[in-house]
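**Student:**
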Amino acid sequence: MKHNKIFGTLLVAVFIMLACPLLSSAQNTPGLKLAYIDLQKVMGLSEAGKQSREILEKKRADLGKKIKELEMQLNQKKTDLERQGMMLSAAAKAEKEAEYQKEVRNFKLFVSDSEQELKKTYQELTKAILKDLEKVIVKFGKEGNYSMILGKQESSIFYADKAYDVSQQVIDAYNLWKKEQNTAEKKK
Numbered sequence: 046m047k048h049n050k051i052f053g054t055l056l057v058a059v060f061i062m063l064a065c066p067l068l069s070s071a072q073n074t075p076g077l078k079l080a081y082i083d084l085q086k087v088m089g090l091s092e093a094g095k096q097s098r099e100i101l102e103k104k105r106a107d108l109g110k111k112i113k114e115l116e117m118q119l120n121q122k123k124t125d126l127e128r129q130g131m132m133l134s135a136a137a138k139a140e141k142e143a144e145y146q147k148e149v150r151n152f153k154l155f156v157s158d159s160e161q162e163l164k165k166t167y168q169e170l171t172k173a174i175l176k177d178l179e180k181v182i183v184k185f186g187k188e189g190n191y192s193m194i195l196g197k198q199e200s201s202i203f204y205a206d207k208a209y210d211v212s213q214q215v216i217d218a219y220n221l222w223k224k225e226q227n228t229a230e231k232k233k
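Quick note, our numbering runs 45 ahead of the 1-based positions in the sequence shown.
Structure (structure tokens):
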């Protein structure tokens, strides 16, 4: 596994060394226009990204509140069980402890399910934004006569001049596109 990672890194380094002279001469080629996008920035600063974050935070807060309530109930039951333990028969005490352990397992399942639900919601929201962004970036690229638009994180760009960063323009285009989509939906 480690060998594959080193080999992959070397392969990328060799590719970059070979591609850099080609790209620098290609950049000077008339008609070739390159740019890159910081996708994390676009996801974080676009209106849809902000709305997604708000949805996730609200869901996280609601689930956190429910978990805290259940945890308090469990702690109260544990306290009651410890208090009543000396007064109960061995059979009754064993039954109450088994009941309590079942509730603890259910609580742990609820916490796990809540985490999975948050993760699923995050993935769904992200997928929807990325689907929309793909359309916006293609349109932006065509209208701006770009030959290629790269993703900063996905393309292993180790250095790029800020002049080639079109992230803010894509954020603006995406926000405008989203407003147009919402307006069109309201008219229906």
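A virtual CB, placed ideally from N, CA and C, is assigned to each residue, including glycine.
So, for S70: in the same chain, excluding its five sequence neighbours on each side, which residues have a beta-carbon less than 6 Å away from its beta-carbon?
**Tutor:** With a pLDDT of 44 at S70, under the threshold of 50, the modelled position of this residue cannot be trusted; read the value that follows with caution. Taken in chain order, the list of residues that qualify is empty.
**Student:** By the three-class DSSP mapping on this structure, what secondary structure does S69 have?
**Tutor:** The predicted position of S69 is uncertain, since its pLDDT is 48 and thus under 50; no value can be drawn from it.
**Student:** Decide if Q72 is buried, meaning its Cβ has at least 16 other Cβ atoms within 10 Å, or exposed.
**Tutor:** In this prediction, Q72 has a pLDDT of 49, which is less than 50 and means its spatial position is unreliable; what the coordinates show is noted afterwards. Label assigned to Q72: exposed.
**Student:** Within its chain, find whatever has a CB closer than 8 Å to the CB of L170; leave out the 5 residues flanking it on each side and keep chain order.
**Tutor:** If we look at L170 and ignore the five residues flanking it on each side, its Cβ neighbours are S97, I100 and L101.
**Student:** What would DSSP say about M132, mapped onto helix, strand or coil?
**Tutor:** It is coil, neither helix nor strand.
**Student:** Tell me whether the beta-carbon of K122 lies closer than 9 Å to the beta-carbon of E148.
**Tutor:** Contact: yes.
**Student:** Are the beta-carbon atoms of L163 and L108 separated by less than 9 Å?
**Tutor:** Cβ distance < 9 Å, so L163 and L108 count as in contact.
**Student:** At the level of alpha carbons, what is the spacing between E92 and V211?
**Tutor:** Near 17 Å, if we compare the C-alpha coordinates of V211 and E92.
**Student:** Can you give the Cα-Cα distance for K113 and R105, rounded to whole angstroms?
**Tutor:** Whole-angstrom Cα-Cα distance: 12 Å.
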